[in-house]
Amino acid sequence: MDTSVISQQELPLTGYLAVDQEMLRSVFAGCSDIVFHTFQTACLTSALCVYCVGLCDTERLERQVLTPLQETGIEAAQVPLASVKHVETTTQAVQAILEGEALLLLDGSKVGTAYPLYQAANRSTEEPLAESTVRGARDGFTESLTMNMSLLRKRIKTPALKIHTRNMGERTNTSVSLIYMEGIIDPKLVKEVEVRLDDLKLRDVLESQYIEEGIVDQRYSPFPQMIATERPDVVASNLLEGRFAILVDGTPFTLIAPVTIFSMLQSPEDYYQNVFMSVFVRWLRYIFYVLSMLLPSAYVAITTFHQEMIPTVLLLSIARAREEIPFPALVEALIMEIAFEALREAGVRLPKQVGSAVSIVGALIIGQAATSAGIVSAPMIIIVAITGIASFMIPRYAASIATRLLRFPMMFLAGTLGLTGVMLGVILVVIHLSSLRSFGTPYLSPVAPTMAKELKDVWWRPSPRNKPH
Amino acid sequence: MYGGVHHRGTNRTRPIYTQATNATKGAGSHMLTDKGKISETQLAFMVFPAILATAILSVPGITMHYAGHDMWMTPILGSLVGLAAIGISIGLDRMYPGKTLIQSSVSIVGRIPGKLFGLIYIAFLPHLTGLIIREYGEFIVNNALPSTPLFVVMGTMVVVCAINVRLGIEVVGRTSQVFVTLLIVLLALIFILLIGELNPAELFPFMEKGPIPLFTGATAPAAWFSEYIVLAFLLPYVNQKKRTTRVMMGSLVLTTTAMTVTNLFCLFLIGDLTDTFVFPVMIAARYITIADFLQHIESLIIAVWIFGIFVKISVFLYIFATSTAEWFGLKDYKPVVVPLSFLCMVFAYWVVSGGSGISSLVSASANLYTISILLILPAMIYGVAWLKKGWAHVRKNRASTD
Numbered sequence: 002m003d004t005s006v007i008s009q010q011e012l013p014l015t016g017y018l019a020v021d022q023e024m025l026r027s028v029f030a031g032c033s034d035i036v037f038h039t040f041q042t043a044c045l046t047s048a049l050c051v052y053c054v055g056l057c058d059t060e061r062l063e064r065q066v067l068t069p070l071q072e073t074g075i076e077a078a079q080v081p082l083a084s085v086k087h088v089e090t091t092t093q094a095v096q097a098i099l100e101g102e103a104l105l106l107l108d109g110s111k112v113g114t115a116y117p118l119y120q121a122a123n124r125s126t127e128e129p130l131a132e133s134t135v136r137g138a139r140d141g142f143t144e145s146l147t148m149n150m151s152l153l154r155k156r157i158k159t160p161a162l163k164i165h166t167r168n169m170g171e172r173t174n175t176s177v178s179l180i181y182m183e184g185i186i187d188p189k190l191v192k193e194v195e196v197r198l199d200d201l202k203l204r205d206v207l208e209s210q211y212i213e214e215g216i217v218d219q220r221y222s223p224f225p226q227m228i229a230t231e232r233p234d235v236v237a238s239n240l241l242e243g244r245f246a247i248l249v250d251g252t253p254f255t256l257i258a259p260v261t262i263f264s265m266l267q268s269p270e271d272y273y274q275n276v277f278m279s280v281f282v283r284w285l286r287y288i289f290y291v292l293s294m295l296l297p298s299a300y301v302a303i304t305t306f307h308q309e310m311i312p313t314v315l316l317l318s319i320a321r322a323r324e325e326i327p328f329p330a331l332v333e334a335l336i337m338e339i340a341f342e343a344l345r346e347a348g349v350r351l352p353k354q355v356g357s358a359v360s361i362v363g364a365l366i367i368g369q370a371a372t373s374a375g376i377v378s379a380p381m382i383i384i385v386a387i388t389g390i391a392s393f394m395i396p397r398y399a400a401s402i403a404t405r406l407l408r409f410p411m412m413f414l415a416g417t418l419g420l421t422g423v424m425l426g427v428i429l430v431v432i433h434l435s436s437l438r439s440f441g442t443p444y445l446s447p448v449a450p451t452m453a454k455e456l457k458d459v460w461w462r463p464s465p466r467n468k469p470h
Numbered sequence: 216m217y218g219g220v221h222h223r224g225t226n227r228t229r230p231i232y233t234q235a236t237n238a239t240k241g242a243g244s245h246m247l248t249d250k251g252k253i254s255e256t257q258l259a260f261m262v263f264p265a266i267l268a269t270a271i272l273s274v275p276g277i278t279m280h281y282a283g284h285d286m287w288m289t290p291i292l293g294s295l296v297g298l299a300a301i302g303i304s305i306g307l308d309r310m311y312p313g314k315t316l317i318q319s320s321v322s323i324v325g326r327i328p329g330k331l332f333g334l335i336y337i338a339f340l341p342h343l344t345g346l347i348i349r350e351y352g353e354f355i356v357n358n359a360l361p362s363t364p365l366f367v368v369m370g371t372m373v374v375v376c377a378i379n380v381r382l383g384i385e386v387v388g389r390t391s392q393v394f395v396t397l398l399i400v401l402l403a404l405i406f407i408l409l410i411g412e413l414n415p416a417e418l419f420p421f422m423e424k425g426p427i428p429l430f431t432g433a434t435a436p437a438a439w440f441s442e443y444i445v446l447a448f449l450l451p452y453v454n455q456k457k458r459t460t461r462v463m464m465g466s467l468v469l470t471t472t473a474m475t476v477t478n479l480f481c482l483f484l485i486g487d488l489t490d491t492f493v494f495p496v497m498i499a500a501r502y503i504t505i506a507d508f509l510q511h512i513e514s515l516i517i518a519v520w521i522f523g524i525f526v527k528i529s530v531f532l533y534i535f536a537t538s539t540a541e542w543f544g545l546k547d548y549k550p551v552v553v554p555l556s557f558l559c560m561v562f563a564y565w566v567v568s569g570g571s572g573i574s575s576l577v578s579a580s581a582n583l584y585t586i587s588i589l590l591i592l593p594a595m596i597y598g599v600a601w602l603k604k605g606w607a608h609v610r611k612n613r614a615s616t617d
């Protein structure tokens, strides 16, 4: 569709039905899903109803609008429907039709009426697939913005929950909502986000990542600066902690910011279960987050450069296992990690029915055959397996991407400079994290810079009563 | 696909309101070459390894050599120098708020003598930084990577530190916070694991040769404590100076304790042999065995120590870069970081000519050299500042009585 045609139609409706109809027909030329229905009302006025077949509820249109108009002789404004809009220009008319409203034009009237009979192909709320919890809400966001907003409104029943909706994307005209809690959020933050959204000129918005990439502070970082979640309870709890959320029509993934590295490692479930369990799991996550980045490189460094660190008995068994392996530890680790990443990616992309075949192939080929063929050693397999488990432990998928990617340069550093290289790598990562900000919030806060009050949410799980904000 | 043109202006690295908070800082600080601010705690975190990172390796050996079994007391004596350095820094900062030592010296002794004074520091700082880099390189090559070229070991570290310094004082402050926390926890862990191996009888004989060896021995820790003068360069970046004196005193106590404890552990573990090793702490760490399984965790010490030395090199490189930029009157220090890091790298080769290693340079005479530049010179400047203030006060009094 040529966007220039639409944008030039800032013309008001003329009031002559034939002219307006011609205008709309020319705009929608070649759109077979737009229906033009001409009829006469009970008052013998010529009328035109334009709607989009898939988006508009035809049955209700007939029952609630067309039949009363044709038979009872009520006027257009008297149709018993809530939130009826008036349309005065062609642009508004086109917009209304594309959003799934039924547009009614009467001959002689310069104001058209748009009836909200929106009904899109929607799935009902389901349990979010990417983030499952043992305890906690089971509903997840869907692709419908209105439904997602209602899921939030259901959880936070206060007028302080503000929702600003705008259309973004020159061609896709996607609704994007900025949501925050007034009185809790820093007003300057809201202003900043609005400025950034205003500055962002996109042609298409198909997923929230399109928005995220345009508004984050540092686009070239492996670490996510916004949480993407499909759980309404996560969004609600973050809104209540003074963060904002951005809902994008057409995707269940909602963006939350500002975030820190620690909020990436926290799960909503932490607050739904016993304190000690949550604290235990939190620390487990911290440790395994570091392990998922460093374990293969530490193994490479220790077996290549610092064998004396390994206890003698263990050293002997590792040496026995590695005896017939033709590769140095670095190459071995690279082969295994790349194979693992490939398997993982294949498992994600394949249809469910074939997916199990991949895991069988993976377990058999990588696990069994590679060791018995003497290509990789058994300890290496254990290391890769633990690393894999560690990266699955991270509750935010996007946060695990960073460790998955950084693992490889770390292995090279370990292979060339041993533990010193790994330490240098760690220092570089920390330097990057220290310079990173998510909408003004330092990424490593509340640890560096220290914020004494919020620190408790890092090393302990505070009671919901004393939660900050 | 959408093009990059649409992103113009959307990738601000720092949002509006963080700049607003920076605008509220003190009046004189617009002359600083870095707009970032740190907190008092961050400053304390930066200073701690800036002194301890190298001291922990060299001080036990040197002090043992001079002070014998009384070496554990030398850090306590040496800390007096640290106290003086802190006093001078805080005093200068109160008299000339928002100015680093390079800038305030110009106001105190006049333009040309002030610039000459600054020049001494610009000549000395690469010397000191190069020495630290060299010490790092030799330590790693001796203990961890015997067949890796010194250049690679030092070069990688300098690159990492240069990146850190270029990102500004806020990032330097935050990285120090992270690493120093780790450093303290792991060091404490190592010391706790060593407690069982100690032999406190090594304390005796007490004052075998009178107090004189104690004073000669104390010059080494004193040289390290004189590095507290870095405060004179960093205090202008602190955003809220409510408890500066208290925080810095706490830092001094902590540093002194850490140094004394290190000395005590080396004495109790290795005894008279301490001064035969270049890095006694590494030898001490070899005593650790956990459940007969975990042994040889000196690699862990190296790892921890790399964090510390990284902070130390970063702090000195930062001071060197900002001082140079201030001396030349630049508005921003960032362009000079890379060339100056390279210069420090070159100095790392120049400071030690022979293959005998770094230990000769950290001797008593070298310590006097460090103390005279890091303590005596600033003390003289501070004295002149006091005289000027006193003279102005006297003149004012005389004018009012006349």
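Taken in sequence, the protein lines are chains A and B. Position 368 of the first sequence, counted from 1, bears residue number 369 in the numbering used here, the numbering being contiguous throughout. Position 387 of the second sequence, counted from 1, bears residue number 602 in the numbering used here, the numbering being contiguous throughout. Cβ coordinates follow ideal geometry from the N, Cα and C atoms, glycine included.
Beta strand (DSSP E) containing residue i: first to last residue?
i	result
A/ILE228	228-230
A/PHE37	35-41
A/SER318	Counting along the chain, A/SER318 falls outside any beta strand (DSSP E), though it belongs to the alpha helix (DSSP H) covering 313-323.
A/SER47	47-53
A/ILE257	255-258
Using the beta-carbon of each residue, which ones in chain A are nearer than 8 Å to residue i?
i	result
B/VAL530	Within 8 Å Cβ-Cβ: nothing; B/VAL530 doesn't reach chain A, min ~14 Å.
B/LEU360	PHE306, LEU418, GLY419, THR421
B/THR390	ILE428, VAL431, ILE432, SER435, ALA449
B/MET372	LEU425
B/GLN455	Those do not exist, as B/GLN455 stays about 12 Å from chain A at its closest Cβ, beyond 8 Å.
How would you write the range of the alpha helix (DSSP H) that residue i sits in, first residue to last?
i	result
B/LEU532	513-542
A/GLN96	91-99
A/SER238	233-241
B/VAL387	384-409
Indicate whether residue i and residue j have their beta-carbon atoms separated by less than 8 Å.
i	j	result
B/THR434	B/LEU583	yes
B/ALA500	B/ILE348	no
A/LEU316	B/THR371	no
A/THR205	A/THR173	First, the amino acid is wrong: residue 205 of chain A is Asp here, not Thr. Yes.
B/VAL526	B/ALA536	no
B/CYS481	B/THR491	no
B/PHE440	B/SER294	yes
A/MET411	A/PHE289	no
B/ILE586	B/VAL296	yes
A/CYS57	A/LEU118	yes
B/SER304	B/ALA447	yes
A/LEU203	A/TYR211	yes
For residue i, which of helix, strand or coil comes out of DSSP?
i	result
B/GLY313	coil
A/ALA358	helix
B/THR233	Low confidence applies to B/THR233: its pLDDT is 41, below 50, so where it sits in the model is not reliable, and the reading given next is rough at best. The answer is helix: DSSP assigns B/THR233 an H, G or I state.
B/MET216	Caution is warranted here: a pLDDT of 33 is assigned to B/MET216, below 50, making its placement in the model unreliable, and the coordinate value is therefore given only provisionally. Three-state DSSP puts B/MET216 in coil, outside helix and strand.
B/CYS481	helix
B/THR239	Here the model assigns B/THR239 a pLDDT of 39, short of 50, so the residue's position is not dependable and the matter cannot be decided.
A/THR388	helix
List the DSSP bridge partners of residue i.
i	result
A/LEU179	A/HIS165, A/ILE247
A/GLY113	A/VAL88
A/SER439	A/THR442
B/CYS559	Answer by DSSP bridge pairing: none, since B/CYS559 is not bridged.
B/ILE253	B/VAL453
Give me the chain A residues within the contact set of residue i, using Cβ-Cβ distance strictly less than 9 Å, ordered along the chain.
i	result
B/ARG349	Going along chain A, no residue has its Cβ under 9 Å from B/ARG349, so there is no contact; the nearest lies around 16 Å.
B/GLN257	ALA449, PRO450, THR451
Going along chain B, which residues have a C-beta under 7 Å from residue i?
i	result
A/VAL260	Per Cβ cutoff of 7 Å: no residues; A/VAL260 is ~14 Å from chain B at best.
A/GLU309	HIS511
A/PRO327	The premise fails here: A/PRO327 is roughly 23 Å from chain B at the closest Cβ pair, so nothing lies under 7 Å.
So which residues on chain A does residue i lean against when the C-beta distance must stay under 7 Å?
i	result
B/VAL386	ILE432, SER435, SER436
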